[in-house]
Amino acid sequence: ETGVTQTPRHLVMGMTNKKSLKCEQHLGHNAMYWYKQSAKKPLELMFVYSLEERVENNSVPSRFSPECPNSSHLFLHLHTLQPEDSALYLCASSQAWGGSYNEQFFGPGTRLTVL
Amino acid sequence: AQKVTQAQTEISVVEKEDVTLDCVYETRDTTYYLFWYKQPPSGELVFLIRRNSFDEQNEISGRYSWNFQKSTSSFNFTITASQVVDSAVYFCALNTGTASKLTFGTGTRLQVTL
């Protein structure tokens, strides 16, 4: 595997379910990101981890819970979601968190539908 | 605060036409980086180019070219002789801080037809 991978690619869940999204990067990067992409809205940065420490949390509801067990893996745990949480969830990584020049490398996303 | 505006929501062209995607940014910082990403139907954003605020030289890469003008705060992207494979959503992004935090525009959907 190369680049950034995400599983599952598609997920349908009820509002009472608990599920997790997984992201893995094979680039040796130190920073990982979760974004939410909804129709007709800019990409929303949700969380950032740098060297396994959370460095950014953009007022995301507590029903989204991130976890970064090591610098290659990132999870997003989901519970009691709402229909408006339906979106494409993108994971990204960059060489480092510090510095405005780092390009981010993105995974293919998980298309989440909440019924 | 920073902002990126991509006023063109959707553009439709016929193959082999040239097309320009507009990007206008706002920032009070003098040091910043601008990016373009391509999002094909498969979903992942693909990095295309990075430009820093001190380098106003235009860049050409094959059929792609970028025009950076600080005087108008614009970083426009031109595809020459467009192809069906260019069909995607294109995002312009800005980073002004000391961290790798991107501010994205809302994207322009490009449809290239035969």
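If you read the sequences in order, they're chains A and H.
When you read off a place in the first sequence, starting at 1, and then add 15, the result is the number in my numbering.
When you read off a place in the second sequence, starting at 1, and then add 5, the result is the number in my numbering.
Cβ coordinates follow ideal geometry from the N, Cα and C atoms, glycine included.
Treat the numbers as computed from the prediction; the structure is a model and nothing was measured.
| message | Within the continuous beta strand (DSSP E) that includes Val9 (chain H), where are the two ends? | response | Lys8 to Thr10
| field | Euclidean distance between Cα positions of Leu105 (chain A) and Gln52 (chain A) | value | 7 Å
| task | Counting only the same chain and skipping the five closest in sequence on each side, list residues whose C-beta sits under 6 Å from that of Cys83 (chain A). | result | Tyr64, Glu67 and Leu89
| Closer than 8 Å to chain A by CB, Tyr38 (chain H) | yes
| Contacting positions in the segment 30 to 60 of chain H - beta carbon closer than 8 Å to chain A | Thr36, Tyr37, Tyr38, Phe40, Tyr42, Ser47, Gly48, Glu49, Leu50, Val51, Phe52, Arg55 and Asn57
| request: Return the bridge partner residues of Met28 (chain A) from the DSSP annotation. | output: A:Val129
| Is Phe59 (chain H) buried or exposed, if buried means 16 or more other CB atoms sit within 10 Å of its CB? | exposed
| query | Quick one, which residues of the segment 87 to 114 of chain A are near chain H if we go by CB-CB under 9 Å, in chain order? | reply | Leu103, Leu105, Ala107, Ser109, Gln110, Ala111, Trp112, Gly113 and Gly114
| Taking 8 Å as the CB-CB limit, is Ala104 (chain H) close to chain A? | yes
| field | Distance between Glu59 (chain A) and Tyr116 (chain A) (C-alpha atoms, nearest Å) | value | 19 Å
| message | Helix, strand or coil for Ser66 (chain H)? Go by DSSP, reduced to three states. | response | strand
| Cα-Cα separation between His41 (chain A) and Ser66 (chain H), rounded to whole angstroms | 27 Å
| message | Is the separation between the beta-carbon of Ile120 (chain H) and that of Val9 (chain H) shorter than 8 Å? | response | Since the first residue shown for chain H is 6 and the last is 119, residue 120 (chain H) is missing from the structure and cannot be characterised.
| Helix, strand or coil at Leu76 (chain H) [DSSP, three-state] | The residue asked about is misnamed: residue 76 (chain H) is Ser in this sequence, not Leu. Note: Ser76 (chain H) maps to helix in three-state DSSP.
| request: Report the option in H:Asp34, H:Tyr38 and H:Glu20 whose CA atom is closest to the CA atom of Ala98 (chain H). | output: H:Tyr38
| request: Whole angstroms is fine: what's the gap from Thr36 (chain H)'s alpha carbon to Phe80 (chain H)'s? | output: 15 Å
| task | Measure the alpha-carbon distance for Glu71 (chain A) versus Val19 (chain H) and round it to whole angstroms. | result | 43 Å
| message | Spatial neighbours of Ala102 (chain A) within its chain, please: C-beta separation below 7 Å, excluding the five flanking residues on both sides. | response | Lys51, Gln52, Ser53 and Leu127
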